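This report refers to the structure that appears directly beneath it.
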């Protein structure tokens, strides 16, 4: 999300001056559209009439604003968006996919995780499956304030299109979000590259009868979108992208010397100015929008609680006011930055005017902001209607070590916090040290369980394999040898170290190895904490 100060759009950009006369709109043409125009002229001259226009947006029903909070995927601790107790919303926007610092055309999560490493280290694919099994869905957000959005550094059109396509296909998403901030807002070459690539992916999906909806997320001022942002929206449309809407980052309106005191009023002002701008943007492209239709093409994303600008705070009362405003106007979307921050700050957090990634600096209960916006009734045009996320009963299956990515849960085992196990075909992660607490046991509240549900075991999962050492590194264990503390052996090909003197006590191959075993494992397992 943006943390940069916006210039005030005191003067309208050139293209808006042209749009003041809506009966005679003038459209800034890209090279591709100019070629199409020349083709039309040729066809008309030959007696053939062809009408070209942007696709008419399909407005959502008035009053049905879509609630979709953002989740910072790479922030520590990992946010369990698939858990209804951590996420009352049906859908979440996962942020942010950006370019690899070393390979500009390779998509990564936050510049830190490839798509494959996010599946392994963050369990992202599994958690997405779990959310979908429970009736929710995800939108993938590209860009953001930090790192580099793909189109800003990947200059190969084919590789850029492939990068966007790979993310869309990897997560089987029907909707994406393009979060364009900072210098990228006015970077003409990257805007053209991005539009061409996204339009190509949309065309591919449309040919398969699987449309891809696209939201463009941009900064905004209380007086509306700036000239640069308006040019960005227009160029994205001219590049062939069919936009589901424009999502306004209604945050960080002022600066340290001139903070915005009334964030709700500033948000309403920004939206009311922007809806008129949207009508003009589309009118300039021969698409007539009524005001109710234009409202459905707008979204709002506040930064809950303390904003980056000292003195700017979006309160719970502001959230309630925005929700009421969204319903009254028929706003297409309401998001928030972020679910990770929707919690009270701990008592040790001394300065509540300093922004935190994991709390709001407000007096609140956990998820108070999310619960306000979750009451909004709408949903993305690409997503089927459905109720709130619910926990599904896991199927009763017999867990097989040959197909389990983590050790199978045992009632006698001692599990430290963050240890992962398989139980009844599902993957669970320990919240704290636990023994004997069945992960599959249904509790009245999920916070009562010692385990978090991560998601289902996938048919593509491979059995877990302990890391080991080369054969012959240590002598094989023998029941006849008296071992001293610190002696090392191999047992079933795995290395162990004696915790105390012992004889005939075989090393355990039931994982995790408990602290009462005479032998400490010198290997690691997938899913166990590093210090285990």
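Residue numbers (this note's numbering): 27 to 558.
Note that beta-carbon positions come from the ideal geometry of N, C-alpha and C, so glycine has one too.
Just so it is clear, the structure is predicted and the values come from calculations on it, not from any experiment.
Asked: According to DSSP, residues forming a beta bridge with residue 332; Found: 339
Asked: Segments of 3+ residues assigned as beta strand (DSSP E) that fall wholly inside the stretch 137-186; Found: 163-169
Asked: Closer than 8 Å to chain D by CB, residue 547; Found: Reference to chain D is not applicable here, since this structure consists of a single protein chain.
Asked: Among 462, 401, 367 and 500, nearest to residue 97 - alpha-carbon criterion; Found: 367
Asked: Own chain, CB closer than 6 Å to residue 140, minus 5 neighbours either side, in chain order; Found: 134
Asked: Beta-carbon proximity of residue 242 to residue 228, cut-off 8 Å; Found: no
Asked: Exposure label - residue 550; buried when at least 16 CB within 10 Å; Found: exposed
Asked: 8 Å Cβ cutoff met for residue 262 and residue 276; Found: no
Asked: Beta bridge counterpart(s) of residue 482 as assigned by DSSP; Found: 452
Asked: Distance, residue 148 Cα to residue 104 Cα; Found: 7 Å
Asked: Assigned secondary structure, residue 509 (DSSP; H/G/I helix, E/B strand, else coil); Found: strand
Asked: Residue 224 beta carbon less than 8 Å from that of residue 244; Found: no
Asked: Any 3 or more C-beta pairs closer than 8 Å across the stretch 328-347 and the stretch 296-312; Found: no
Asked: Residue from 426, 359, 431 and 384 whose Cα sits closest to the Cα of residue 400; Found: 359
Asked: Buried versus exposed, by CB contacts within 10 Å (16 or more), residue 325; Found: buried
Asked: Three-state class that DSSP yields for residue 234 in the structure shown; Found: coil
Asked: Counted within 10 angstroms of its Cβ, other Cβ atoms place residue 75 as buried (16 or more) or exposed; Found: Annotation note: pLDDT 29 at residue 75 (below 50); position unreliable, coordinate value reported separately. Classification for residue 75: exposed.
Asked: Own chain partners of residue 526 with C-beta closer than 8 Å, once the 5 adjacent residues on each side are dropped; Found: 511 and 544
Asked: Whole runs of the beta strand (DSSP E) within the stretch 217-264, excluding any shorter than 3 residues; Found: 239-245
Asked: Between the CA atoms of residue 447 and residue 476 - distance to the nearest angstrom; Found: 12 Å
Asked: Host beta strand (DSSP E) of residue 559 (start-end); Found: Residue 559 falls outside the range modelled here, since the chain spans only 27 to 558, and no answer is possible.
Asked: Residue 177 Cβ short of 7 Å to the ligand COA heavy atom set; Found: The ligand content of the structure shown is nil, which means the ligand COA is not present either.
Asked: Any 3 or more C-beta pairs closer than 8 Å across the stretch 438-454 and the stretch 483-494; Found: yes
Asked: Limits of the beta strand (DSSP E) - the one that residue 546 falls within; Found: 545-547
Asked: Length of the line joining the Cα atoms of residue 154 and residue 445; Found: 20 Å
Asked: Exposed unless 16 or more other CB atoms sit within 10 angstroms - verdict on residue 530; Found: exposed
Asked: For residue 164 and residue 123, believed in contact at Cβ under 8 Å, the rounded distance; Found: No, residue 123 and residue 164 are not in contact; Cβ-Cβ is about 12 Å, not under 8 Å.
Asked: Close Cβ partners of residue 518 (< 7 Å) along its chain, the five nearest in sequence each way excluded; Found: 535
Asked: 8 Å Cβ cutoff met for residue 206 and residue 258; Found: yes
Asked: Cβ pair residue 538, residue 433 closer than 8 Å; Found: yes
Asked: Start-to-end residues for the beta strand (DSSP E) that takes in residue 397; Found: Per DSSP, residue 397 belongs to no beta strand (DSSP E); it is in the alpha helix (DSSP H), 394-400.
Asked: Counted within 10 angstroms of its Cβ, other Cβ atoms place residue 459 as buried (16 or more) or exposed; Found: exposed
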